[in-house]
Every structure is written in structure tokens, then in C-alpha cells.
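Engineer:
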Amino acid sequence: VSSVAQYAIGNCCPNSQEVSPYYADLSGLPNMLIQAGQDELFLPQIERFAAKVSAMKSPDTHLQFQEYEEMVHCFQLFSFCTSERDAPRRALGTMAAFVQEHIRPRGPSDSNPLA
1 VSSVAQYAIG NCCPNSQEVS PYYADLSGLP NMLIQAGQDE LFLPQIERFA
51 AKVSAMKSPD THLQFQEYEE MVHCFQLFSF CTSERDAPRR ALGTMAAFVQ
101 EHIRPRGPSD SNPLA
């Protein structure tokens with residue numbers, strides 16, 4: 001994993017916001033849904049990111065963090081080929097509901113549809 005990560009970041013500092021949103025200023029973020037599988041390789045990092053977002057978010061920003069049992073990285077994409085098809089479909093349904101709940105219709109003077 002480390003050699004792939006080094007290839008991906010090139011000459012960038014691994015602790016920079018260009019490499020990882022964890023190191024960015026997370027204040028002022030819109031509502032956020034974070035989903036992770038419990039068998040996710042990056043689960044500890046995702047949990048730390050969710051905790052950091054939770055600590056830095058404004059009171060009116062909604063954060064929802066979900067963990068799915070026996071699911072791996074990007075498990076939502078694998079509903080067609082996993083024996084545990086229910087979890088990816090539930091996760092995608094949750095995403096759709098989250099977007100519908102937190103996106104408001106645009107008006108003539110509204111350039112930012114995120115609630």
C-alpha cells in the first residue's frame with residue numbers, strides 16, 4: 001500500500017491537504033454522509049476523518065457516519081457481485097435519501113444548492 005501511495009502523491013507532502021482532506025480546514029463544510037465498510041483497509045483513517053469533521057463542523061451542519069459489516073473499500077459499487085448484496089443497495093439508498101434531504105431546489109438567485 002505504501003508504494004502505491006507514494007506513486008500517487010508523487011513529490012507532494014503526505015500531510016498536505018492536496019493529498020488528504022484530513023489535513024485541510026474542515027470548517028464550513030456542507031452536510032456530509034460518510035460510509036465505510038468494517039473490513040475497509042482505511043477504516044481507522046475514515047473514523048479519524050469523521051471525528052475531525054464532527055469536531056470542526058458548524059452546529060447547523062449535519063454529519064452522518066455509517067459503518068457496514070463485512071464490507072470493503074467502495075463496497076457500494078459491488079452490489080452486482082457480492083453475496084451480501086443488501087448492504088451495498090442499502091448504502092446507495094441511504095445516499096439517495098441523504099442527497100434528496102439536503103439538496104434544496106435552486107431559485108433564480110441561489111447559486112449554491114447545498115443546504
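When the letters of the sequence shown are read in order and numbered with full-length UniProt numbering, they come out as residues 1 to 115. Don't be surprised by glycine CBs; every beta carbon is placed ideally from N, CA and C.
#1: For the alpha helix (DSSP H) that contains Gly28, what are its first and last residues?
#2: Only counting the same chain, and skipping five residues up and downstream in sequence, which positions put a Cβ closer than 7 Å to that of Ile9?
#3: Using alpha carbons as the reference points, say which of Glu70, Pro14 and Val99 lies closest to Arg85.
#4: Using 8 Å for Cβ pairs, my map puts Ala50 next to Phe65. What's the rounded Cβ distance?
#5: Does Pro30 pass the burial test, meaning 16 or more other C-beta atoms within 10 Å, or should it be called exposed?
#6: Only counting the same chain, and skipping five residues up and downstream in sequence, which positions put a Cβ closer than 7 Å to that of Leu43?
#7: To test your reading of the DSSP string, which unbroken beta strand (DSSP E) runs of 3 or more residues are found completely within the stretch 44-115?
#8: Determine the extent of the alpha helix (DSSP H) in which Gln6 is found, giving its start and end residues.
#9: Note down the Cα distance separating Leu33 from Ile46, rounded to an integer number of angstroms.
Structural biologist: On the basis of the coordinates in this document:
#1: It is not in any alpha helix (DSSP H) - Gly28 carries neither H nor E in the DSSP assignment.
#2: Val19
#3: Comparing Cα positions, the closest option is Glu70.
#4: 4 Å
#5: exposed
#6: Ala36
#7: 63-68
#8: Going by DSSP, Gln6 is part of the alpha helix (DSSP H) stretching over Ser2 to Ile9.
#9: If you draw a straight line from the Cα of Leu33 to the Cα of Ile46, it comes to about 12 Å.
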